[in-house]
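Plus 397 on top of the position in the sequence shown (first one is 1) and you've got my numbering.
We put the CB at the ideal spot given by N, CA and C, even for glycine.
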Amino acid sequence: MAAAIKAINAKIRSNKVLDYFCSTHFWGPASNFGIPIAAVMDTQKDPEIISGQMTGALTIYAATFMRYSLAVTPKNYLLFACHTTNLGAQLTQGYRYMNYWYWGGRDAKLAAEAAQKGKEATEATA
């Protein structure tokens, strides 16, 4: 049994594509892509639910590990792409958070909702 496993492993390692596909240099970034995919999907949601602390932490995480993905040998460009995507998504979420809570976005939303309610009330009495 051990000889069969060694033979299969040797066969996989002899093919460069299969060797890469079966390595942590592929599966690490592939599994890590869940974070930026979720962040990109969250850009369509209400900014009220964005956690500023979590967005800040994920921004620092992405920026830090972008650097380390290129510091390893061999360089892991797939991991670099993952963290670059994550950094862009987190910066977008950070901007949305700041705009909503500190730069007047929440006030504008509440004013628009109040104007809509006033318009509906006026139309209902007419």
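- prompt: Is DSSP giving P471 helix, strand or coil here?
  reply: coil
- prompt: With a CB to CB cut of under 8 Å and the five nearest residues on each side skipped, what residues in its chain are close to F477?
  reply: M463, S466 and L467
message: Measuring straight from C-alpha to C-alpha, what distance separates A505 and Q490?
response: 18 Å
- prompt: For Y499, which option in K516, M451, H480 and E445 has the closest C-alpha, if you only look at C-alpha atoms?
  reply: The shortest C-alpha separation from Y499 is found at E445.
- request: Can you have a look at T452 and say buried or exposed, based on whether 16 or more other CB atoms are within 10 angstroms of its CB?
  value: buried
query: Is it the case that the Cβ atoms of N483 and I434 are separated by a distance below 7 Å?
result: no
- prompt: Buried or exposed: where does Q487 fall if 16 or more other Cβ atoms within 10 Å of its Cβ makes it buried?
  reply: buried
- request: Kindly list the residues whose CB is nearer than 7 Å to the CB of G353, restricted to its own chain and excluding five residues on each side of it in sequence; keep chain order.
  value: Residue 353 lies beyond the stretch modelled for the chain, which goes from 398 to 523, so this question has no answer here.
field: Range covered by the alpha helix (DSSP H) that runs through G515
entry: From DSSP, the alpha helix (DSSP H) with G515 extends over G502 to T522.
task: Under 8 Å Cβ to Cβ from A427, same chain only, skipping five residues before and after it: list those, please.
output: L475
field: Supposed contact pair R493 and I447 - C-beta distance, whole angstroms, cut 8 Å
entry: In this structure I447 touches R493 by the C-beta definition: roughly 6 Å separates them, less than 8 Å.
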